[in-house]
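Numbering (UniProt numbering), first residue to last: 1 to 128. The C-beta atom is built at its ideal place from N, Cα and C for all residues, glycine as well.
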């Protein structure tokens, strides 16, 4: 029997990513399999966790969607003013379709999704 699989989707700010990584570590210790959605520039924040749990934790690297109010290459809130957080949320909402496609094709789709409050648009997935 395979381990229960959970999808983690943190808001791209260190103060949001790091606590979810701590939670991920605890979930893995309880026997869960985890996939974390991350953008390329935020991937280094996962390196320690991926080294600790190379089998139980996988990453789903998705390119950060473009947005007219976010400069190219920006993928973390620390790179923009706080006023840009709404643009960040709007840009991230464009990831819903690629995530749903991943979800539908995954051989062991997640039984739960843990996302940040700011990413409420991702709370509806097929099969959950």
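(message) Taking contact to mean 3 or more Cβ pairs, one atom from each stretch, closer than 8 Å, check whether the region 69-88 and the region 25-36 are in contact.
(response) no
Check your understanding: Between which two residues does the alpha helix (DSSP H) containing residue 103 stretch?
Key -> 96-105
Touching by the beta-carbon criterion (3+ pairs, under 8 Å), the region 48-66 and the region 87-96 = yes
> Mind pulling the alpha helix (DSSP H) runs of 4 or more residues that sit fully within the region 60-95?
Replying inline: 85-92
Quick check: what's the CA-CA separation for residue 17 versus residue 3?
23 Å
**Study point:** Extent of the continuous beta strand (DSSP E) run through residue 35
**Key:** 33-38
Assuming residue 52 and residue 35 are in contact, meaning their beta carbons sit under 8 Å apart, how far apart are those beta carbons, in whole angstroms?
Not a contact, Cβ separation roughly 16 Å.
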